[in-house]
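Just below is one structure, and these are the notes that go with it.
In my numbering, the protein residues as written are 71 to 169.
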């Protein structure tokens with residue numbers, strides 16, 4: 071089993087949440103293309119996803135293959151677990167983390 075620091079699990083969780091939200095907003099925009107708030111939300115989430123991916127890859131290696139992500143030497147693709155191999159620790163809600 072792979073063991074990573076708390077930041078790894080938080081980044082994975084944040085990536086999944088933002089990607090899910092983007093799918094939902096995209097589906098909404100398919101039927102409401104002129105909604106300015108939805109377009110604003112989509113663009114904000116897209117930017118947030120881009121930043122999260124950059125942070126993840128800077129610390130843990132590539133997220134995607136076939137040239138969509140850069141890699142390092144030695145090739146880091148196999149250093150992180152596959153999504154079904156991740157064993158998430160119990161995370162405190164963000165409100166409790168800030169106290």
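Positions of the beta carbon are idealized from the N, C-alpha and C atoms, including for glycine. This structure is a prediction, so every number in the text was calculated from the model and none was measured.
Can we say the stretch 98 to 110 touches the stretch 127 to 136, given the rule of at least three CB pairs closer than 8 Å? no
Taking the C-alpha atoms as reference points, what is the distance between residue 83 and residue 119? On the chain shown, residue 83 is found 13 positions in, with the first residue counted as 1. On the chain shown, residue 119 is found 49 positions in, with the first residue counted as 1. Approximately 12 Å between the Cα atoms of the pair.
Quick one: measure Cβ to Cβ for residue 112 and residue 96, integer angstroms, because I've assumed they're closer than 8 Å. In the chain shown, residue 112 corresponds to position 42, counting from 1. In the chain shown, residue 96 corresponds to position 26, counting from 1. The pair is a contact, with the Cβ atoms about 7 Å apart (cut-off 8 Å).
Looking only at its own chain, which residues have a Cβ that is under 7 Å from the Cβ of residue 89, when we skip the five neighbours before and after it? Indexing the chain shown from 1 puts residue 89 at position 19. Result list for residue 89: 119, in chain order.
Relative to the alpha-carbon of residue 116, which residue among 94, 79, 75 has its alpha-carbon at the smallest distance? The count along the chain shown starts at 1 and reaches residue 116 at position 46. Of the listed residues, the one whose Cα sits closest to residue 116 is 94.
Checking 8 Å against the spacing of the C-beta atoms, do residue 123 and residue 92 come in under that value? Stepping through the chain shown from its first residue, residue 123 is reached at position 53. Stepping through the chain shown from its first residue, residue 92 is reached at position 22. Their beta carbons are not under 8 Å apart, which means residue 123 does not touch residue 92 by this criterion.
Contact under 8 Å by Cβ, residue 78 with residue 159: To locate residue 78, count along the chain shown from 1; it is residue 8. To locate residue 159, count along the chain shown from 1; it is residue 89. Not closer than 8 Å, so no.
Within the stretch 85 to 146, ranges of the alpha helix (DSSP H) (whole runs, at least 4 residues): 106 to 130
Please indicate yes or no: does the CB of residue 89 lie closer than 7 Å to some heavy atom of the ligand ATP? The model on display carries no ligand, and the ligand ATP is accordingly not part of it.
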